[in-house]
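Enquirer: One structure follows; several queries about it will come next.
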Amino acid sequence: MNIQEIFEKIDNEIELNKAEMMFLLDLKNPEEIEQLFAKAYDVKLKNVGQKAYFRGIVEFSNYCVKDCFYCGIRKSNKNTERFQIPEEDVIKSAVWSYNAGYGSSVLQSGERSDSEFVDSVERMLKEIKKQTDNKLGITISLGEQTLETYKRWFEAGAHRYLLRIETTNKELFNKIHPVDELHNFETRINCLKLLKKAGYQVGTGVMIGLPFQTTEDLVNDILFFKENDIDMIGMGPYIFHEETPMAQYRKDWELDKEALLTKALKMIAVTRIYLKDVNIAATTALQALRHTGREAGLQAGANIIMPNSTDTQYRENYQLYENKPCTDENASMCRGCLQRRIEGIGETIGFNEWGDSPHFHNRQKSS
Ligand code: 5AD
Ligand code: FES
Numbered sequence: 418m419n420i421q422e423i424f425e426k427i428d429n430e431i432e433l434n435k436a437e438m439m440f441l442l443d444l445k446n447p448e449e450i451e452q453l454f455a456k457a458y459d460v461k462l463k464n465v466g467q468k469a470y471f472r473g474i475v476e477f478s479n480y481c482v483k484d485c486f487y488c489g490i491r492k493s494n495k496n497t498e499r500f501q502i503p504e505e506d507v508i509k510s511a512v513w514s515y516n517a518g519y520g521s522s523v524l525q526s527g528e529r530s531d532s533e534f535v536d537s538v539e540r541m542l543k544e545i546k547k548q549t550d551n552k553l554g555i556t557i558s559l560g561e562q563t564l565e566t567y568k569r570w571f572e573a574g575a576h577r578y579l580l581r582i583e584t585t586n587k588e589l590f591n592k593i594h595p596v597d598e599l600h601n602f603e604t605r606i607n608c609l610k611l612l613k614k615a616g617y618q619v620g621t622g623v624m625i626g627l628p629f630q631t632t633e634d635l636v637n638d639i640l641f642f643k644e645n646d647i648d649m650i651g652m653g654p655y656i657f658h659e660e661t662p663m664a665q666y667r668k669d670w671e672l673d674k675e676a677l678l679t680k681a682l683k684m685i686a687v688t689r690i691y692l693k694d695v696n697i698a699a700t701t702a703l704q705a706l707r708h709t710g711r712e713a714g715l716q717a718g719a720n721i722i723m724p725n726s727t728d729t730q731y732r733e734n735y736q737l738y739e740n741k742p743c744t745d746e747n748a749s750m751c752r753g754c755l756q757r758r759i760e761g762i763g764e765t766i767g768f769n770e771w772g773d774s775p776h777f778h779n780r781q782k783s784s
């Protein structure tokens, strides 16, 4: 197999097979890796254009009923101080995103499904829609819920939902989660189906560079995105957190930052090449590895950036992983700093636009 033959297939829009995707993910030569990113960038230009879209993200609570072995805000981490931003402040931050021209926002928190929480989210969604004249797009990322809850939140104004599958290798999934009713691979897959049924544009994703994860696992993840007709992808590097059970694998599995970043960028590139018209986020975790990690994500095929719109006083305790960037910056600093850096790499920003996944609209047309 050689890289030029694979590139030719990409140019001629011939679908790659599994072995070819694995070959690309395993590239070692820095020049070839750069060529891969450039190829993915071409595919991005052809299919979704050169615009980066902003989603102001508000991480409004770290109370969580889950106990994922990798996550810094897992229920059993007693060293994390728990916080819940008052509804009116969450609303304020979302409206701030709208006024900053972001076009779209994301609300994320630790997972809860009690009725107090479900009601509170519903109220916030309605109020944000009201205060922005129905113009701000809202994505939510609030974990596994019932179809009824998903429908209520959809009706209240959310139209996109992010729920990562984390890994599509069931055995690996069961290694990185407790095996119990709350952490169940099939439930997670079923939730993705429910979200589609409720009408959302559906986003999922995986962590890249998990202990025990193979290149074949990553290719299977990409095939899973395709088979399930996923509209948006949010995936990022797995970063160790000392206060979690998975820290035990650190000495055998931790990659240096640049190596992990390259792995994540290659995954973004191959996903763009294979899926073409989906939205792909350059996630914040990329920036934990290199200051300009998110721009590198855009240059490897991503087209979405999620600037942090959470009020600074609350940021410190939303540490899913170590070295989370920008916890000291306020939202307007994030905006200015990102805008400069994105324009610096020659992209334009889709201000005041929802920036929906073209895939979603293509999927609507063909169904
Ligand atoms: N490193 C990277 N990503 C993480 N997440 C949770 N913990 C980590 C970590 N240590 C991701 C999961 C989850 C999302 C909200 O954050 O993929 O779905
Ligand atoms: Fe599951 Fe945080 S506890 S991702």
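Per our numbering, the sequence shown starts with residue 418, numbered consecutively.
All C-beta atoms, glycine included, are put in the ideal place defined by N, C-alpha and C.
(1) Beta-carbon within less than 8 Å of Ser-530's beta-carbon, same chain only, minus the 5 sequence neighbours each way: which residues are those?
(2) In whole angstroms, what is the alpha-carbon distance linking Met-438 and Val-636?
(3) Exposed or buried, Asp-638, counting other C-beta atoms within 10 Å across all chains shown (16 or more means buried)?
(4) Taking 6 Å as the limit, tell me which residues put their C-beta closer than that to any heavy atom of ligand 1, in chain order.
(5) With a threshold of 7 Å (Cβ to nearest heavy atom), would Ile-785 be considered close to ligand 2?
(6) Assuming Ser-537 and Glu-504 form a contact by the criterion Cβ under 8 Å, report the distance between their Cβ atoms to the nearest whole angstrom.
(7) Expressed to the nearest angstrom, what Euclidean distance is found between the alpha-carbon atoms of Phe-571 and Ile-420?
(8) Would you say the beta carbon of Asp-597 comes nearer than 7 Å to a heavy atom of ligand 2?
(9) From the DSSP output, in three-state form, read off Asn-696 for me.
(10) For Gln-730 and Cys-754, what's the separation of their Cα atoms in angstroms?
(11) Taking 6 Å as the limit between beta carbons, can you name the residues of its chain near Pro-628, skipping five residues before and five after?
(12) Indicate whether Tyr-454 and Ala-676 have their beta-carbon atoms separated by less than 8 Å.
(13) Leaving out five residues on either side along the sequence, give the residues of the same chain with a beta carbon under 8 Å from the beta carbon of Arg-780.
(14) Is Cys-608 near ligand 2 - that is, is its Cβ less than 7 Å away from at least one heavy atom of it?
(15) I need the straight-line Cα distance from Leu-640 to Thr-549, nearest angstrom please.
(16) Just to check, is the beta-carbon of Asp-773 closer than 7 Å to a non-hydrogen atom of ligand 2?
(17) What's the C-alpha gap between Asn-786 and Tyr-519?
(18) Give me, in chain order, the residues of the same chain whose beta-carbon lies closer than 8 Å to that of Cys-751; leave out the 5 immediate sequence neighbours on both sides.
(19) So what does DSSP say about Gln-562, is it helix, strand or coil?
(20) Once the 5 residues before and after Gly-574 are set aside, which same chain residues still bring their CB inside 8 Å of it?
(21) For Lys-492, which three-state DSSP category applies?
(22) Hey, would you say His-658 sits closer than 8 Å to Tyr-735, going by beta carbons?
(23) Just reading off the beta strand (DSSP E) that Lys-468 is part of, what are its end residues?
(24) What does the alpha-carbon distance come out to for the pair Arg-711 and Met-652?
(25) Hey, quick one: how far does the alpha helix (DSSP H) through Thr-729 stretch, first residue to last?
(26) Going by the C-beta, is Asp-741 closer than 7 Å to any heavy atom of ligand 2?
Expert: According to the data block:
(1) Within the same chain, Ser-530 has close Cβ partners Val-482, Gly-560, Glu-561, Gln-562, Thr-563, Thr-566.
(2) 7 Å
(3) With 16 or more other Cβ atoms within 10 Å, it is buried.
(4) Tyr-487, Cys-488, Arg-581, Glu-583, Met-624, Gly-653, Tyr-655, Ile-656, His-658, Ala-702, Leu-737, Tyr-738
(5) With the chain covering only 418 through 784, there is no way to say anything about residue 785.
(6) 6 Å
(7) Cα-Cα distance, rounded: 44 Å.
(8) no
(9) strand
(10) 19 Å
(11) Answer for Pro-628: Tyr-666, Trp-670, listed in chain order.
(12) Looking at the sequence shown, residue 454 is not Tyr but Phe. No; because the gap between Cβ atoms is not below 8 Å, this pair is not in contact.
(13) Within the same chain, Cβ atoms closer than 8 Å to the Cβ of Arg-780 are found at Asp-646, Asp-648, the five residues on either side in sequence being excluded.
(14) No - ligand 2 has no heavy atom lying nearer than 7 Å to the Cβ of Cys-608.
(15) Roughly 38 Å between the two C-alpha positions.
(16) no
(17) The question about residue 786 has no answer, for the chain in this structure spans 418 to 784.
(18) Pro-724, Asn-725, Ser-726, Cys-743
(19) coil
(20) Cβ within range, chain order: Leu-542, Lys-543, Ile-545, Lys-546, Asn-551, Ile-555.
(21) coil
(22) no
(23) 468-478
(24) Each residue's Cα considered, the two are about 12 Å apart.
(25) 729-732
(26) The sequence given here has Lys at residue 741, not Asp. Incorrect: Lys-741 has no Cβ contact closer than 7 Å to ligand 2.
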